[in-house]
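In what follows, a structure is listed as structure tokens, so that the remarks can point back to it.
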Amino acid sequence: MLSKIRFIFILLVAITAGNASFAQVYSASAKMDSTKIPIGGQTRIQLKVFVPAEVMQQKDKFVQWPLLSDTISKEIEIVEAGPLDTTLSADKKTYFLTQTLTITSFDSGYQVIPPFRFLKDGDSNRFFETQALLL
Numbered sequence: 034m035l036s037k038i039r040f041i042f043i044l045l046v047a048i049t050a051g052n053a054s055f056a057q058v059y060s061a062s063a064k065m066d067s068t069k070i071p072i073g074g075q076t077r078i079q080l081k082v083f084v085p086a087e088v089m090q091q092k093d094k095f096v097q098w099p100l101l102s103d104t105i106s107k108e109i110e111i112v113e114a115g116p117l118d119t120t121l122s123a124d125k126k127t128y129f130l131t132q133t134l135t136i137t138s139f140d141s142g143y144q145v146i147p148p149f150r151f152l153k154d155g156d157s158n159r160f161f162e163t164q165a166l167l168l
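Printed below as a string of structure tokens:
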């Protein structure tokens, strides 16, 4: 009986460890320099995406960045979209993709900046996104 329990335990550990190696965790964040700006003032949003290094090294795997126009919403305009920067972590396990947006708003009151959505391999059914922001 004890050997059966031990066998089942070892089997479960092996299955779990095997699945963990196939898990590819993508994540995204958005951070604003300031949540309060005067009407017509500007602030920056830094978009940051974390992608496993093994994903970035495969030809058929990629992250599709959101298609940004000159506005985020009818109240919030993009003044400047900086270049996309790619950095490899010190442990060489994760790539950090970052972009800085300079935004402005000409409306008073609070404005909601919706989540920025990133697609895995260009597939609209496989996505991850940032949290919404309040300006």
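Residue numbers (our numbering): 34 to 168. From the three backbone atoms N, C-alpha and C, an ideal C-beta is built for every residue, glycine too.
For my contact list, residue i and residue j are in at a C-beta cut-off of 8 Å; report their separation, rounded to the angstrom.
i           : j           : result
residue 70  : residue 105 : About 14 Å; that fails the 8 Å criterion.
residue 148 : residue 163 : 5 Å
residue 138 : residue 166 : Actually they are not in contact, since the Cβ atoms of residue 138 and residue 166 sit about 12 Å apart, beyond 8 Å.
residue 61  : residue 82  : 5 Å
residue 131 : residue 77  : Between residue 77 and residue 131 the Cβ distance is about 12 Å, and since that is not below 8 Å, they are no contact.
residue 110 : residue 103 : 6 Å
residue 108 : residue 66  : At roughly 18 Å, the Cβ-Cβ gap does not stay under 8 Å, so residue 108 and residue 66 are not in contact.
In three-state DSSP terms, what is residue i?
i           : result
residue 88  : helix
residue 140 : coil
residue 58  : coil
residue 146 : strand
residue 117 : coil
residue 168 : coil
Per DSSP, which one or two residues make a beta bridge with residue i?
i           : result
residue 152 : 97 and 160
residue 111 : 136
residue 64  : 79
- [ ] Report yes or no: do the region 152-163 and the region 95-106 share at least 3 C-beta pairs separated by less than 8 Å?
- [x] Yes, the region 152-163 is in contact with the region 95-106.
Task: Meets three-Cβ-pair contact criterion under 8 Å: the region 74-89 and the region 116-130 - done: yes
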